[in-house]
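A short worksheet on the structure shown next.
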Amino acid sequence: DAGITQSPRHKVTETGTPVTLRCHQTENHRYMYWYRQDPGHGLRLIHYSYGVKDTDKGEVSDGYSVSRSKTEDFLLTLESATSSQTSVYFCAISDGDRSYNEQFFGPGTRLTVL
Amino acid sequence: AQSVAQPEDQVNVAEGNPLTVKCTYSVSGNPYLFWYVQYPNRGLQFLLKYITGDNLVKGSYGFEAEFNKSQTSFHLKKPSALVSDSALYFCAVRDPYSGGGADGLTFGKGTHLIIQP
Numbered sequence: 004d005a006g007i008t009q010s011p012r013h014k015v016t017e018t019g020t021p022v023t024l025r026c027h028q029t030e031n032h033r034y035m036y037w038y039r040q041d042p043g044h045g046l047r048l049i050h051y052s053y054g055v056k057d058t059d060k061g062e063v064s065d066g067y068s069v070s071r072s073k074t075e076d077f078l079l080t081l082e083s084a085t086s087s088q089t090s091v092y093f094c095a096i097s098d099g100d101r102s103y104n105e106q107f108f109g110p111g112t113r114l115t116v117l
Numbered sequence: 069a070q071s072v073a074q075p076e077d078q079v080n081v082a083e084g085n086p087l088t089v090k091c092t093y094s095v096s097g098n099p100y101l102f103w104y105v106q107y108p109n110r111g112l113q114f115l116l117k118y119i120t121g122d123n124l125v126k127g128s129y130g131f132e133a134e135f136n137k138s139q140t141s142f143h144l145k146k147p148s149a150l151v152s153d154s155a156l157y158f159c160a161v162r163d164p165y166s167g168g169g170a171d172g173l174t175f176g177k178g179t180h181l182i183i184q185p
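Dropping the structure here:
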């Protein structure tokens, strides 16, 4: 999985609790992304980062925040988890600043919010 | 806005037969197009991409894809299917006029490919 790890790999939590998912890369790539995967929706972009402390919102950013204090780590936080955030979350990385660069994906985190 | 459509939720093919997984797209200019594969409980793996030039793109595991600008399509193909090709396949697009590599890909909903022995 291209030098990308995600932790935890599985998590069950309760509605209203905060949750932080971590993405760690060893590729020194500039760009990092968080997606969620839901049946019938494919993958949808939550947030992305184009450098340390540089982040921006994606298509489905409501209820999520991110931080990137180091090149290798990109954190996704659900401040107060809801059942609609039950999903599989994927981190991706990309090198360079060209739109045609492919993204490489981590193994995913399965999050269940009860 | 850019979008991708994968019209088939599932495609069934007999082993040894050719396979096609369909994808159509909508972008404002000339697109960058990608195919990914996802095996159960795994992340997505990059298969191939189209940037410019030859309309037939070759990728990993014997897959290829044909870009057709007039039909706004980018269908994934393989001449002879293997049972091990059974997986979930995603087509994705990026508008070349988007902000460099910063923003993400727009994915289709995915197509389950089932290869029957």
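For the record, the sequence lines run as chains H and P.
All the letters of the first sequence, read from the start, carry residue numbers 4 to 117 under this note's numbering.
All the letters of the second sequence, read from the start, carry residue numbers 69 to 185 under this note's numbering.
Even glycine gets a Cβ: it sits at the ideal position worked out from N, Cα and C.
Expressed to the nearest angstrom, what Euclidean distance is found between the alpha-carbon atoms of residue i and residue j?
{"i": "G6 (chain H)", "j": "F107 (chain H)", "result": "9 Å"}
{"i": "P164 (chain P)", "j": "K137 (chain P)", "result": "15 Å"}
{"i": "Y103 (chain H)", "j": "V95 (chain P)", "result": "14 Å"}
{"i": "H1 (chain H)", "j": "K146 (chain P)", "result": "Outside the displayed range of chain H (4 to 117) lies residue 1 (chain H), so it cannot be described from this structure."}
{"i": "R12 (chain H)", "j": "E105 (chain H)", "result": "24 Å"}
{"i": "F22 (chain P)", "j": "G54 (chain H)", "result": "Residue 22 (chain P) is absent from the structure shown; chain P starts at 69 and stops at 185."}
{"i": "V69 (chain H)", "j": "L115 (chain P)", "result": "29 Å"}
{"i": "H44 (chain H)", "j": "K73 (chain H)", "result": "31 Å"}
{"i": "Y38 (chain H)", "j": "E75 (chain H)", "result": "17 Å"}
{"i": "T88 (chain P)", "j": "N109 (chain P)", "result": "24 Å"}
{"i": "V161 (chain P)", "j": "G97 (chain P)", "result": "11 Å"}
{"i": "T112 (chain H)", "j": "Q9 (chain H)", "result": "7 Å"}
{"i": "S64 (chain H)", "j": "R101 (chain H)", "result": "23 Å"}
Is the beta carbon of residue i less than 8 Å from the beta carbon of residue j?
{"i": "L150 (chain P)", "j": "E83 (chain P)", "result": "yes"}
{"i": "L24 (chain H)", "j": "F93 (chain H)", "result": "no"}
{"i": "Y34 (chain H)", "j": "S52 (chain H)", "result": "yes"}
{"i": "K117 (chain P)", "j": "F102 (chain P)", "result": "yes"}
{"i": "A155 (chain P)", "j": "L181 (chain P)", "result": "yes"}
{"i": "D153 (chain P)", "j": "I183 (chain P)", "result": "yes"}
{"i": "L48 (chain H)", "j": "E62 (chain H)", "result": "yes"}
{"i": "G121 (chain P)", "j": "G109 (chain H)", "result": "no"}
Does the beta carbon of residue i come closer than 8 Å to any beta carbon on chain P?
{"i": "P11 (chain H)", "result": "no"}
{"i": "G6 (chain H)", "result": "no"}
{"i": "E105 (chain H)", "result": "yes"}
{"i": "S83 (chain H)", "result": "no"}
{"i": "L79 (chain H)", "result": "no"}
{"i": "Y51 (chain H)", "result": "yes"}
{"i": "S102 (chain H)", "result": "yes"}
{"i": "G119 (chain H)", "result": "Nothing can be reported for residue 119 (chain H), as the shown portion of chain H is limited to 4 through 117."}
{"i": "L24 (chain H)", "result": "no"}
{"i": "Y36 (chain H)", "result": "yes"}
Is there a Cβ from chain H that is less than 8 Å from the Cβ of residue i?
{"i": "I119 (chain P)", "result": "yes"}
{"i": "F131 (chain P)", "result": "no"}
{"i": "F135 (chain P)", "result": "no"}
{"i": "P108 (chain P)", "result": "no"}
Note down, in chain order, each residue of its chain lying with its Cβ closer than 8 Å to the Cβ of residue i, except the 5 sequence neighbours on either side.
{"i": "L117 (chain H)", "result": "V15, T16, E17, T18, S86"}
{"i": "E30 (chain H)", "result": "A5, G6, I7, I96, D98, F107"}
{"i": "Q113 (chain P)", "result": "Y104, V105, Q106, Y107, S128"}
CB-CB under 7 Å to residue i, same chain, minus the five flanking residues each way: which ones, in chain order?
{"i": "D41 (chain H)", "result": "S90"}
{"i": "S83 (chain H)", "result": "G19, P21"}
{"i": "L81 (chain H)", "result": "P21, V22, G66, Y67, Q88"}
Which same chain residues, not among the five before or five after residue i, have their C-beta less than 6 Å away from its C-beta?
{"i": "S148 (chain P)", "result": "G84"}
{"i": "G86 (chain P)", "result": "First, the residue type needs correcting, since residue 86 (chain P) is Pro and not Gly in the sequence shown. Contacts found: P147."}
{"i": "P99 (chain P)", "result": "Y93, V161"}
{"i": "Y157 (chain P)", "result": "V89, V105, T179, L181"}
Legend entry - At least 3 beta-carbon pairs within less than 8 Å: the region 56 to 75 of chain H vs the region 69 to 76 of chain P: no
Inset, instruction - Mind the definition here: the region 86 to 100 of chain P touches the region 139 to 146 of chain P only if three or more C-beta pairs lie below 8 Å; say whether that holds. - result: With a cut-off of 8 Å, the region 139 to 146 of chain P and the region 86 to 100 of chain P count as touching, because enough Cβ pairs lie within range.
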